[in-house]
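Number of protein chains: 2
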Amino acid sequence: MSSAVELAQVWRGEVLESVHHGHAVICDSSGGIVEAWGDPDLVMLPRSSCKMIQALPLVESGAGLTDSQLALACASHSGASLHTGMAGAWLEEIGLGEPDLRCGSHMPKDEEAHHRLIRAGAEPCQLHNNCSGKHVGFLMLNQRLKGDADYVEPDHPVQLAVRAAFEEVTGAESPGYGIDGCSAPNFATTLAGLGRAMAFFANAHRASGARAGAAARLVAAMARHPVLVAGEGRACTDLMRAMEGRVAIKTGAEAVYVAILPEAGLGVALKVMDGATRAAECAIAAILIRLGVLSAEHPAVEKYWNAPLVNCRGRRAAWIRPGTGLA
Amino acid sequence: MSSAVELAQVWRGEVLESVHHGHAVICDSSGGIVEAWGDPDLVMLPRSSCKMIQALPLVESGAGLTDSQLALACASHSGASLHTGMAGAWLEEIGLGEPDLRCGSHMPKDEEAHHRLIRAGAEPCQLHNNCSGKHVGFLMLNQRLKGDADYVEPDHPVQLAVRAAFEEVTGAESPGYGIDGCSAPNFATTLAGLGRAMAFFANAHRASGARAGAAARLVAAMARHPVLVAGEGRACTDLMRAMEGRVAIKTGAEAVYVAILPEAGLGVALKVMDGATRAAECAIAAILIRLGVLSAEHPAVEKYWNAPLVNCRGRRAAWIRPGTGLA
């Protein structure tokens, strides 16, 4: 087992104020490791970075889905009206409503939606949950599997189907699970397993079979709809736009990031051990630049890679930079 | 130089999801190290954890100040009406106004104040800045030092006085500085230097001299007014209340925490290297429990030490616990 390597640094003036350590892996079409930083055998929870895996059984079920719905199923969205409106319409389309969701609610990240709720003195509903698209997808799959209403239970047919797909694309039995923020089980894997799964998605457009077909559709939907996968001003959206549809990327809570590179046939997975999103964003940007799919000069990149941290008077007081472990 | 030790762990189900490493030190009345975890020689920025040091020149200047004003000068407050009202009244008392501040503004942490601004379609003012009490103190000191208006410049008489006090209580020349979120310079020291300074504050009530007298007043003011130092629901406030005025504690950005224990004459300083506040709160609680000044059974403690992370449906899905390095 290798130690975590330094993935990001925070400098304030002349002082190295904070550092972030973690692990990263790049896998190719064979599922083998092309490059690794730290420990590829780290057992970890992918959290929301594996939503495209969780959507596989739904797409394979043959349900009629638009690209926008597929992107929303893979999203950790900001809860902007665009997202909640689309999730609500999709629910209605399948004859269900907000109370059928089991994701719970939280205040949306989208500032306009957040302020609107506060001004109205209203509470957020389950459509605002960043995972609501994934959950509408679970409900739609459940209509085909005819399971009971509690589709987030780990032994429910929906979650058994997700687990089977997860274990197939990661290439190993899951050693356990945690309950996610949205109450769905989140299956554990190794970092190499998650990288292998992303390489499967990256090579799906060249492969045959129902699973590969579903995977290729999901990658294309994510890459075509960056704003549905996250939201305005968010790293997934900004960086996917900067890569102009050539790469799909996805963040997960506690500083997980994955990237799917269909042209190169590569999958990337990384985990910052302390759970800091700022470091995961910086590290994935650095790796995408290194892989030649993201331009360091693109104006969107500066927010994440060598990003200034601006203080209360607009002064650039600190910087977050890739760590020595990525050099 | 010793490596950082594990100060906190985050568990989700059966998986160790995230870990936080850092350094901690306990110093006694001699300024010597009683106990250390990791590297006491780490060069670091104390950020807001050193506000009681930054207030020393003001108190020593003989300015007439209430205990509440002293507590507010040491605060990273939530911007509740209690805090902004008191900072505004203090400014008026010295014949100045909000535009004289140089801290800039940010949305208050206090939910009621935050929602009130949004409902009014209003922007926060500089009084909402968590550092506004410190800045009113700087302005008051500046009236005595007759410096120009830009009291946050590193070579301004106010900041030179702060630097001299900082170097005396930490026991060493500062090797540099960073610009803080509030635009004031934040002087660097070693972790042992910060611990030594906290031990100076802890023993000030038994010492003689103007500086010791000022330090003892500041410690007493912080311990007597926990809600002014932070705000409802915040760790500094909750834990100081739980210790019933026997200990003063203070957080700083990027996961710094200090504690001042006047009865034992001990000073504590810690830094979590990744800057995660959740880990700094967990680690300081663990150290205070170990030192016998905080009861592990106190209801306020569970929020920080072995704290459950509750998901969107109220389920305890994860836990943050002290790391193996603190065992």
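Which chain is which? The protein sequence lines are W and V, in order. Each residue of the first sequence is one higher than the last, beginning at 3 in this note's numbering. Each residue of the second sequence is one higher than the last, beginning at 3 in this note's numbering. Glycine included, each C-beta is placed from N, C-alpha and C at the ideal position. Keep in mind the model is a prediction, meaning the values are calculated, not measured.
Closer than 6 angstroms: residue i CB and nearest the ligand NAP heavy atom
i: Ser83/V; result: With respect to the ligand NAP, the structure shown offers nothing to examine, as it has no ligands at all.
Spatial neighbours of residue i in its chain, beta-carbon cut-off 8 angstroms, leaving aside the 5 residues before and after
i: Ala115/V; result: Ser80, Gly81, Ala82, Ser83, Thr86 and His130
i: Glu175/V; result: Glu169
i: Arg226/W; result: Asp69, Ala73 and Gly247
i: Lys111/V; result: Ser80, Gly81, Asn132, Gly233 and Arg236
Assigned exposure category for residue i - 16 Cβ within 10 Å defines buried
i: Met142/V; result: buried
i: Glu19/W; result: buried
i: Leu216/V; result: Correcting the residue type first, residue 216/V is Ala in the shown sequence and not Leu. That one is buried.
i: Ile96/V; result: exposed
i: Ser210/V; result: exposed
i: Met54/V; result: buried
i: Val274/V; result: buried
i: Pro177/V; result: exposed
i: Gly99/V; result: exposed
i: Arg280/W; result: buried
i: Asp185/V; result: In the sequence on display, residue 185/V carries Ser and not Asp. Burial call: buried.
i: Arg14/V; result: buried
i: Gly235/W; result: exposed
i: Val312/W; result: exposed
i: Pro330/V; result: Here chain V has residues from 3 to 329 only, and residue 330/V is not among them.
Test item: CB-CB of residue i and residue j under 7 angstroms
i: His25/W; j: Asp276/V; result: no
i: Gly294/W; j: Ser31/W; result: no
i: Leu74/W; j: Leu230/W; result: yes
i: Ala201/V; j: Cys314/V; result: no
i: Ala199/V; j: Thr239/V; result: no
i: Val249/W; j: Ala261/W; result: yes
i: Asn308/W; j: Arg323/W; result: yes
i: Gly149/W; j: Ala57/W; result: no
i: Glu296/W; j: Met245/W; result: The amino acid occupying residue 296/W in the given sequence is Leu; Glu does not appear at that position. Cβ distance < 7 angstroms, so Leu296/W and Met245/W count as in contact.
i: Glu94/W; j: Ala212/W; result: no
i: Ala206/V; j: Ala218/V; result: yes
i: Val17/V; j: Ala320/V; result: no
Sequence-distant residues of the same chain with beta carbon closer than 6 angstroms to residue i, five excluded per side
i: Tyr306/W; result: Ala237, Glu283, Cys284 and Ala287
i: Leu103/V; result: Gln128 and His137
i: Ala163/V; result: Pro59
i: Ala278/W; result: His22 and Ala257
i: Asn144/W; result: Tyr153 and Val160
i: Tyr259/V; result: Thr253, Leu272, Ala282 and Ile286
i: Glu223/V; result: The sequence shown places Ala at residue 223/V, not Glu. Excluding sequence neighbours, Ala223/V sits near Asp69, Leu72 and Ala73.
i: Ala65/W; result: Met142
i: Leu47/W; result: Gly180, Asn188 and Ala190
i: Gly325/V; result: Glu8, Leu9, Ala10 and Gln11
i: His158/W; result: Gly149
Inter-residue Cα distance where the pair is residue i and residue j
i: Phe189/V; j: Arg165/V; result: 7 angstroms
i: Ser5/V; j: Asp41/V; result: 6 angstroms
i: Asp328/V; j: Ala77/V; result: According to the sequence as given, residue 328/V is Leu; it is not Asp. Their Cα atoms are separated by approximately 28 angstroms.
i: Ala91/W; j: Val303/W; result: 34 angstroms
i: Ile289/V; j: Cys133/W; result: 38 angstroms
i: Glu113/W; j: Gly33/V; result: 48 angstroms
i: Glu181/V; j: Cys52/V; result: Here residue 181/V is Ile; the residue named in the question, Glu, does not match the sequence. The straight-line gap from Cα to Cα measures roughly 14 angstroms.
i: Ala122/V; j: Ile120/W; result: 11 angstroms
i: His108/W; j: Ala124/W; result: 12 angstroms
i: Phe126/W; j: His117/V; result: Per the sequence shown, residue 126/W should be read as Pro rather than Phe. Taking the straight line joining both Cα atoms gives about 14 angstroms.
i: Pro310/V; j: Gly135/V; result: 33 angstroms
i: Ser300/V; j: Leu67/W; result: Reading off the sequence shown, one finds His at residue 300/V, where the question assumed Ser. If you take the alpha carbons of His300/V and Leu67/W, they lie about 53 angstroms apart.
i: Cys208/V; j: Val270/V; result: Rather than Cys, the amino acid found at residue 208/V in this sequence is Arg. Computed Cα separation, rounded: 18 angstroms.
i: Ile251/W; j: Ala214/V; result: 56 angstroms
i: Ala151/V; j: Ala298/W; result: 40 angstroms
i: Arg146/V; j: Gly316/V; result: 53 angstroms
Cutoff 7 angstroms; reference residue i; Cβ partners in own chain excluding five residues on either side
i: Ala255/W; result: Arg49, Ser50 and Gly183
i: Tyr179/W; result: Pro156, Pro187, Asn188, Phe189 and Ala190
i: Met88/V; result: Ser70 and Leu74
i: Gly106/V; result: Gln128, Asn131, Cys184 and Ser185
i: Leu44/W; result: His25, Thr192, Leu193 and Lys273
i: Ala167/V; result: Ile55, Leu58 and Pro59
Cβ separation of residue i and residue j, assumed to be a contact under 8 angstroms, to the nearest whole Å
i: Val27/W; j: Ala38/W; result: 5 angstroms
i: Pro228/V; j: Arg243/V; result: 5 angstroms
i: Ile291/W; j: Ala194/W; result: About 22 angstroms; that fails the 8 angstroms criterion.
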